[in-house]
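Peer 1:
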Amino acid sequence: MSSNPWHKRYHSDALNGYMGLNLEERGAYTTLLDLMYQSGEPVVDNERLVAGWMQVSLRRYRILRDGLIKIGKIIRLDDGRLTNARFEKERENSSKTSRKRAENGSRGGAKSAEVRKKRNDIRVPAQQELQQTSSYTRAFQKPEARSQRRT
Numbered sequence: 001m002s003s004n005p006w007h008k009r010y011h012s013d014a015l016n017g018y019m020g021l022n023l024e025e026r027g028a029y030t031t032l033l034d035l036m037y038q039s040g041e042p043v044v045d046n047e048r049l050v051a052g053w054m055q056v057s058l059r060r061y062r063i064l065r066d067g068l069i070k071i072g073k074i075i076r077l078d079d080g081r082l083t084n085a086r087f088e089k090e091r092e093n094s095s096k097t098s099r100k101r102a103e104n105g106s107r108g109g110a111k112s113a114e115v116r117k118k119r120n121d122i123r124v125p126a127q128q129e130l131q132q133t134s135s136y137t138r139a140f141q142k143p144e145a146r147s148q149r150r151t
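Those letters in the sequence shown? Residues 1 to 151, per full-length UniProt numbering, in order.
Next comes the structure, spelled out in structure tokens:
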């Protein structure tokens, strides 16, 4: 399953893409696209499974699939899987964006770690000074005052 539960959908592009398709073809086309986006990869052309998703017979599915391939809405890959040009473009863009965000996050994390280290280097002498002061103070307390504090 895709790590992204949604995808970009430009309504004007979709409506223009549907031009020339009847309602049944639109439904088949949209179902195939949704299956691609859900899995994050081209659809394995398992006729029974896809026909089941469309709630049509195998014969009707084959007619719809072949019609969408013929007009260029769906592309059959060499391995038999089904894809769409826009899906492939969006998948590549999503992959590039993800890689870029990971690189930027890594750089930001490294910079943040560097800043924290500098802050800690500054704080260490002050903490050591506090610890020395507190043990120095304890040395001059009266023993009975120390024992009373513990109880």
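Even for Gly, the Cβ is constructed at its ideal location relative to N, Cα and C.
These numbers were taken from a predicted model, which means no experiment stands behind them.
Closest by CA to I74, which one among N93, L35, G105 and R59?
Peer 2: Considering only alpha carbons, the answer is L35.
Peer 1: Indicate whether the contact test is met: 3 or more Cβ pairs, each with one atom in the segment 56-71 and one in the segment 16-30, closer than 8 Å.
Peer 2: Short answer: they touch.
Peer 1: Any chance the segment 13-23 sits against the segment 49-56, with 3 or more Cβ pairs inside 8 Å?
Peer 2: No, because fewer than three Cβ pairs between the segment 13-23 and the segment 49-56 fall closer than 8 Å, the two stretches do not touch.
Peer 1: Determine the DSSP secondary structure at L21, reduced to helix, strand or coil.
Peer 2: Looking at L21 - three-state DSSP - the assignment turns out to be coil, as it is neither helix nor strand.
Peer 1: Who are the near neighbours of N84 in its chain, counting only those whose CB is closer than 8 Å to its CB and skipping five residues on each side?
Peer 2: Counting only Cβ-Cβ distances below 8 Å, and skipping sequence neighbours, we find L32, L33, M36, K73, I74 and I75.
Peer 1: Run through the segment 33-66 for me and flag every whole beta strand (DSSP E) of 3 or more residues, listed as ranges in chain order.
Peer 2: Those beta strand (DSSP E) runs which fall completely within the segment 33-66 and span 3+ residues do not exist here.
Peer 1: One question on the structure: do D45 and R9 come within less than 8 Å of each other, judged by their Cβ atoms?
Peer 2: For D45 and R9, no; Cβs fall outside 8 Å.
Peer 1: From the DSSP output, which residues share a beta bridge with R76?
Peer 2: Its beta-bridge partners are L82.
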